[in-house]
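For reference, the structure is listed below as structure tokens.
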Amino acid sequence: MPSDTTETPATAPSQPAKPAQGAPDGGVGQTLRRLSMAREFHLSVIVLIVFLAFWEWGPPLLGIREFIIPRLSNVVTEFFFMLENGRLLHHTWITTYSVLVGFFLGALLGMVIGYLLGMSPMTEIVASPYILALQIAPKVAFAPLLIMWFGYNITPKILVAVLIVFFPILINVLTAVRGVDPAMINLARSFNASRWQIFWKIEFPASMAPLFSGLRIGATLAVIGITVGEFVGGNTGLGYLLIEGEGQANTKAVFVAIILLTLIGIIAYCLVILMERWVLRYMPKRKFGDVGNHP
Amino acid sequence: MARYRLEFKGVSKHFPPMRRSDGEGVLAIDGVDVAIEEGEVVALIGPSGCGKSTLLNLASGLDRPSRGNVFVDGEEVDGPNEHVAFMLQKDLLLPWRTIRKNVEFGQEIRGLDAAERRKRSEHFLAKYHLSDFANRYPHELSGGMRQRAALARTMVMYPDVLLLDEPFSALDAQTKMVLQQDLARTLFEEKKTALLITHDLVEALAMSDRVLVMSRRPGKIIREIVVDAENRQDPMSRRQHPKIGPYIAELMSLLDIGHAEELV
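Residue numbers (the numbering used here), protein chains in the order written: chain A, 406 to 700; chain B, 35 to 298.
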């Protein structure tokens with residue numbers, strides 16, 4: 406029944422590349438962009454190669470001694486030595502496992518409390534000074550206390566990670582639930598929506614984007630929490646190997662541990678990004694060099 | 035006594051103060067009487083902040099009056115009900131739902147089964163020329179199409195009374211006229227009863243049977259104009275009706291008078 410209009414969808418289906426202004430051939434602009442992205446990628450690889458080469462040959466050239474910055478090849482050799490003799494795989498697995506469990510539990514706790522506070526302004530007002538105090542308290546300072554409570558095992562370090570991961574996720578979820586357009590909630594109410602439906606169909610999905618920014622931060626914080634936990638107590642994990650390496654003035658082992666800890670962090674971060682891509686697939690794509698395809 | 039589709043009887047709404055500095059709170063509307071018959075379209079205009087949207091919240095059952103009563107089909111409104119549906123200036127489409135899922139939103143909440151939802155949404159998507167975009171997300175559509183999807187979401191509930199709060203004011207002039215035309219025809223052909231809140235005097239006159247003018251806060255109905263012109267289903271031609279000009283002049287002076295009274 407509505408008459409035909411001059412409106413066009415913001416993105417036409419299978420839209421060809423828009424010609425750049427002044428360039429009649431749209432394909433050229435896109436090819437150029439692709440070329441420049443390929444060039445950027447090549448540059449990144451070159452930077453990496455230069456860095457690794459400098460690591461290998463720089464320290465001796467500059468007269469830096471082996472126990473300050475060991476050469477790359479020695480660190481690699483140490484890595485394989487530790488793999489065979491130092492149960493490196495076992496320690497790496499313990500740390501990875503703790504990071505994943507600590508991150509998961511911290512995220513879950515942050516979400517649950519974030520949604521509960523978000524749905525009840527009263528509770529938030531009552532709880533906010535305590536939340537603020539706990540947020541300001543340096544969570545890693547709890548590590549010794551937790552070890553005194555739970556002993557030299559995997560529990561205290563996971564709890565440190567939980568504490569430290571918890572806050573950014575709580576705050577993001579809480580802010581997101583608070584920020585939902587009241588008109589949106591009124592719309593649902595006009596259809597006689599229950600409180601549960603409002604949460605499940607509006608507030609929860611609306612909080613997904615901020616939740617994932619919180620999770621990204623949490624993923625990196627979890628590694629910090631576990632590492633500190635392993636510094637303080639226990640005889641397993643990469644943090645323990647790191648401290649042990651330090652005690653023996655084995656700089657190579659310290660480097661190996663730092664690199665592996667970083668890799669664990671990168672893997673955790675990438676897992677979050679993958680999940681985010683899937684959950685937020687409805688969002689406008691944000692790609693490098695993708696300009697103005699969306700309103 | 036005639037039974038009205040939508041009736042406000044001596045309705046006042048007072049908002050209690052949020053802070054101590056707010057004093058007595060705010061009296062948003064004061065003793066409003068409006069009665070709308072079946073199939074009638076009534077426009078409501080007035081200065082901003084005069085309580086037009088409060089009136090709409092009362093009619094949709096989202097809020098209760100402090101004094102007086104609101105009736106739909108002779109039954110007092112005591113909460114959201116399925117006879118009434120509203121549409122706002124913002125399309126309020128959920129960005130994580132496809133257009134089809136957005137159109138089905140109300141039915142989903144009301145608990146209709148999936149097959150029925152699908153059947154109804156197909157029908158209304160086709161009717162509002164959105165079938166090709168059913169599986170698209172709102173951000174992929176233009177403002178006009180999004181507002182049309184919002185209209186489909188409203189109409190798919192088959193409401194008896196439509197509450198329209200500046201439904202077109204966020205659109206560009208051309209899109210606005212097209213959507214006004216679509217809506218006016220739908221309202222006419224399906225004999226829907228509607229209360230249309232607008233800032234746009236021409237829109238009010240082109241689309242309604244009566245125009246009510248509200249005063250500044252506390253909002254009261256200060257004037258009623260029965261639009262004595264044919265073709266309510268065709269706002270484009272009604273815009274050019276010779277009587278519309280004088281009505282606009284009258285409304286403009288009325289709104290100015292309301293303003294001056296407030297200042298005294």
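By construction, the Cβ of each residue, glycine as well, lies at the ideal position given by its N, Cα and C atoms.
Item                                                                                                                  : Value
Rounded separation between A:F636 and A:I672 - CA only                                                                : 21 Å
Cβ-Cβ distance between A:T656 and A:F472 below 7 Å                                                                    : yes
Beta carbon proximity, A:R583 to chain B, threshold 7 Å                                                               : no
Given B:V104 as reference, the closest of B:H233, B:Q214 and B:Y38 once Cα atoms are compared                         : B:Y38
Under 7 Å from the C-beta of A:Y687: neighbouring residues of chain B                                                 : P129, W130 and Y171
Pairwise C-alpha distance: B:I143 and A:A593                                                                          : 8 Å
At least three beta-carbon pairs within less than 8 Å, the region 484-498 of chain A to the region 541-550 of chain A : no
C-beta neighbour in chain B for A:F596, strict 7 Å                                                                    : yes
For B:S385, the first and last residue of its enclosing alpha helix (DSSP H)                                          : Coverage of chain B is limited to positions 35 through 298, which leaves residue 385 of chain B absent and any answer about it impossible.
A:A538 versus B:V236: straight-line alpha-carbon distance, rounded                                                    : 57 Å
Residue range of the beta strand (DSSP E) that includes A:E681                                                        : Premise fails: A:E681 lies in the alpha helix (DSSP H), T656 to V684, not in any beta strand (DSSP E).
A:N591 - containing alpha helix (DSSP H), residue span                                                                : P587 to S595
Pick from B:Q214, B:A240, B:P193 and B:V260 that is closest to B:K226, judged by C-alpha positions                    : B:P193
From B:L285, B:E258, B:H275 and B:M189, residue whose alpha carbon lies closest to that of B:D234                     : B:L285
A:I541 to A:L522 span [Cα, whole Å]                                                                                   : 19 Å
Inter-residue CB distance, A:A588 and B:L205 (contact presumed, cutoff 8 Å)                                           : A:A588 to B:L205, Cβ: 17 Å. No contact.
Through-space distance from A:K606 to A:R600, alpha-carbon basis                                                      : 10 Å
Chain B within 7 Å of A:N577, Cβ atoms only                                                                           : no
Start and end residues, beta strand (DSSP E) containing B:K47                                                         : L40 to F49
Proximal residues to A:F660 (C-beta, below 6 Å), its chain only, five neighbours per side dropped                     : V480
B:I120 at chain A interface by Cβ criterion, 7 Å                                                                      : Note that residue 120 of chain B is Phe in the sequence shown, not Ile. Yes, because at least one Cβ of chain A sits closer than 7 Å to the Cβ of B:F120.
Cutoff 7 Å: A:V684 Cβ touching any chain B Cβ                                                                         : no
Length of the line joining the Cα atoms of B:R266 and A:Q602                                                          : 39 Å
Residue(s) in a DSSP beta bridge with B:I255                                                                          : B:M248
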